[in-house]
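Reading through the C-alpha cells given below for one structure.
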C-alpha cells in the first residue's frame, strides 16, 4: 500500500480536518502545549497504513512532541507558562496497578492511554497526537526538556530515545561491558549514543559496510558487519548485551550466537511474529531473549536529564508538514539520518 | 525411523560389542564405577537415531548413572571403595575458562566432554555412556548419592533432576512465587517436585486433563489445561516463572502470555528450531525467554543433597537391558511414568 495515498485518502473521509481537531478544555491538572516540533516515528507510518489493524481514522500520529506551555490548570505544579515541555507515547495510565505503582506505566496492567489512537473521554472519543498545533494532557505525563538541548533534536528522545535508554539502564549497561546495537536507524543511532555515553564498549552491528563511518561518528567503538560470516564468528560469545533495533521480521540466531553465557538480547524494533528461533541458541549458554517498549514517566525524565548532562540529542532532518508524505516514503527506504522532525510552525 | 531398528542395526555394523566396550585404565584421579542403574533420557534416543546428525556409531548412550566404586586412583580423595557414586551428562571440561572457573562446566567455553559420543583420548577415541557395566571418570565429575535415596529413583536426578533444578535455582524460585511447569514427562515431573519443594505455588500446565490427578500427587498445587483457551486467558500475566519441558517444536506465544511483567520462561526440553515467536509477546511486559542445560558439578551435588534432605527421587519404571528397544518405543509415545531406568545387573 502506498503510505502517501493511504494517509491522505483516509483523512479525507472524515469530517474533522485532522490538523484542526479540537483538544479538550484544560482541566485543573492539565497542561496545554503549543507544539513546536514533532518527530516522525516508524510507528506513525504503521498507524497511517493500519498495518496492525487497530487504526481508527482519522488518526493524527505523532508521539515525539516538544513545545511550550501556553495554558495551565489551577492545580498544576510541575510547569509554568512558557516552559519547554514534552510528551511521548503515553498520556495516561491507570495509576493503580503494580506496574504503575512501580513507575512502569508503559507496562500498565490495564493498558496505558497512548498519545494517539487510544480511546478516551475527550472530544472525538480518542486521543490525537502531535502532528498538530496543540495538545492538552495531565501534567503527570508531561516532561521537562533541559534548556541546553536544541528542541528539534530533543523531540525524538521521547520515543526513539527512551526506547533505547530504558533497556540499557534496565540491564545495567556500563563500563567494561561490550554492547552491540543491531540496526542503524532512528532507534539504533540513539542506542549507539546512549551505550557510548553509559561507558560501554559499543559495537554497531549492521548489514551495511557504508554505515561504518557514521556509526563511529555517533560513538561506536567498533563496527561488525553482520553479513560477514567470518567476522561474526570471531565475535561469538563476546557480547554482554545486544540491543536489537531491526524494525522487521528477521532471524535472531546469528545475533544470539554473539552473546556471552547468561547475556541478553533485547528486541525493541520488531513488534511482530518472527520467522524462526533455534531454542538451542538459548539453551547452550543460558542466553536470554527479551523485549522492551519505551519507558516509564520517571525514567523518561531521567533520560532527558541525562541527555541534558551529556548533551545528547537525535540527529534529525527537519521538514515542514507538507513534506510528511514524502518523508514517509523515504522512511520506508531508511533514507533519513536518522529521524524526521516536523516543524509545526509550518502548519 | 524406527528407533529399535536403528539402534540395533547401527550397533551391529561395528566390530565392538557395545556392552563390552573396554574402559580406560584407572588413572591416579579416576574412579571406576560398577554401574547398577542407568536412566533412559530422551537424548539417548536422539543419539541412537542420529536425530542431531552428530552420532558416531557405535554409540553407548546413558548419562544418568549410579553404581558403586570398585577401583580408585592413588590421588582420589572424594571417594572410598564401595561408595555409592553417580555420573551425569559430563565427564570433563577445560577447567580454565570463565564458565568452568565459576562452576558452570555445562557452559564450558571450550565445550565439555559429554558422558557419551564425545571425542576423548580413551580407548575407542570417544566416550561411551552408562548402558554398560562399568565406567571410569575423573573424580571431579563423579557425584555422591545420599544414602537414604533409593538408587534406581536417584539415577534420573543426574539429568532430568539437575536440568529442572538448575533453572529453578538460577531464577531464585521460592515461596510466594507462582511457577508453571509445562509438560509432564521425565523433566516435567521433576520440575513439579522441585518447584513444590522450593516452596513455590506450583502449577502443572498440560494439554492432557487426565494428567491432573498425577500432577497433584507429584506436588502441583493447581493444574492448568493449556488447550482450554478460557482457562489460559484467566491466568494471563499471573506467573513469576515458567519452566517449559516440552521436548519438541511448539508455539511459545500462549505460554509467554501467562508471564508477569519482567518474568521469564525457560526452555529445557526443545533443543531445536521453533516455528514461530511473536516478538510482541516479549516487548509488552519486558518478558524474557531463556534456556538452560543441566547444571554445574557443584550445583549437581547440591541438588543431590537437597534430594536427600527432601527425600526426592524420580518416579521410575525399572527395565532389564533386553527391554531397551521396547522402552524407546514407549518413550516416543510418552508411555512411562516418568522415567525408564535400566537395571544393569541384567546385562
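Chains as they are written, first to last, in my numbering: chain A, 51 to 397; chain B, 51 to 397.
By construction, the Cβ of each residue, glycine as well, lies at the ideal position given by its N, Cα and C atoms.
Asked	Found
Chain-ordered chain A contacts of residue 322(B) [CB-CB under 9 Å]	328, 329, 330
contact_flag[the stretch 242-260 of chain A, the stretch 277-297 of chain A] where n(CB pairs < 8 Å) is 3 or more	yes
Minimum Cβ-Cβ distance from residue 62(A) to chain B less than 8 Å	With a pLDDT of only 44 at residue 62(A), under the threshold of 50, the placement of this residue in the model should not be trusted; the figure read from the coordinates follows. For residue 62(A), the answer is no, since every Cβ of chain B falls outside 8 Å of its Cβ.
Interface flag, residue 151(A) vs chain B, CB-CB below 8 Å	no
Residues bridged to residue 293(A) [DSSP beta-bridge criterion]	231(A), 316(A)
Contact under 8 Å by Cβ, residue 242(A) with residue 272(A)	no
Cβ-based burial, residue 165(B) [other Cβ within 10 Å; buried from 16]	buried
Closer than 8 Å to chain B by CB, residue 276(A)	no
Integer-rounded CB distance, given that residue 91(B) should sit under 8 Å from residue 236(B)	7 Å
Complete alpha helix (DSSP H) runs within the stretch 98-184 of chain B (minimum length 4 residues, chain order)	148-151
C-alpha distance - residue 146(A) paired with residue 358(B), whole-angstrom precision	45 Å
Backbone secondary structure at residue 362(B) - three-state DSSP	coil
Contacting positions in the stretch 150-178 of chain A - beta carbon closer than 9 Å to chain B	152, 154, 156, 157, 159
Where residue 222(B) falls: helix, strand or coil (DSSP)	coil
Segment contact, 8 Å Cβ cut-off, at least three pairs: the stretch 225-240 of chain B with the stretch 162-181 of chain B	no
Neighbourhood of residue 331(B) by C-beta, 8 Å cutoff - its chain only, sequence neighbours within 5 removed	302, 303, 306, 307, 337
Same chain only: Cβ atoms within 7 Å of residue 314(A), ignoring 5 sequence neighbours per side	221, 291, 338, 340
Opening and closing residue of the beta strand (DSSP E) in which residue 260(A) lies	First-last for residue 260(A): undefined, no H or E at that position.
Segment limits, alpha helix (DSSP H) that includes residue 376(A)	374-382
Contact between the stretch 113-127 of chain A and the stretch 150-159 of chain A (3+ Cβ pairs under 8 Å)	no
Members of the stretch 336-355 of chain B near chain A, C-beta cut-off 9 Å	336, 337, 338, 339, 340, 341, 342, 343
CA-to-CA distance, residue 152(A) to residue 391(A), given in whole angstroms	32 Å
Sub-8 Å separation of residue 333(B) and residue 231(A) beta-carbons	no
Within-8 Å CB hit, residue 334(B) to chain A	yes
Same chain, Cβ closer than 7 Å to residue 87(A), neighbours up to 5 away in sequence not counted	116, 201, 202, 205, 391, 392, 393, 394
Contacting residues, own chain, Cβ-Cβ under 8 Å from residue 348(A) (five flanking each side not counted)	153
For residue 167(A) and residue 213(A), believed in contact at Cβ under 8 Å, the rounded distance	Wrong, their Cβ atoms sit about 18 Å apart, outside the cutoff.
Helix, strand or coil at residue 334(B) according to DSSP, with G and I counted as helix	coil
Chain A contact for residue 138(B) (CB, 8 Å cutoff)	no
Range covered by the beta strand (DSSP E) that runs through residue 87(A)	80-90
Interface residues of chain A facing residue 311(B) [CB-CB closer than 9 Å]	148, 149, 152, 154, 157, 159
Extent of the continuous alpha helix (DSSP H) run through residue 306(A)	303-306
is_contact[residue 396(A), chain B] using C-beta, thresh 8 Å	no
Any C-beta of chain A under 8 Å from that of residue 238(B)	no
Span separating the alpha-carbon of residue 217(A) from that of residue 342(A)	6 Å
Residue 115(B) at chain A interface by Cβ criterion, 8 Å	no
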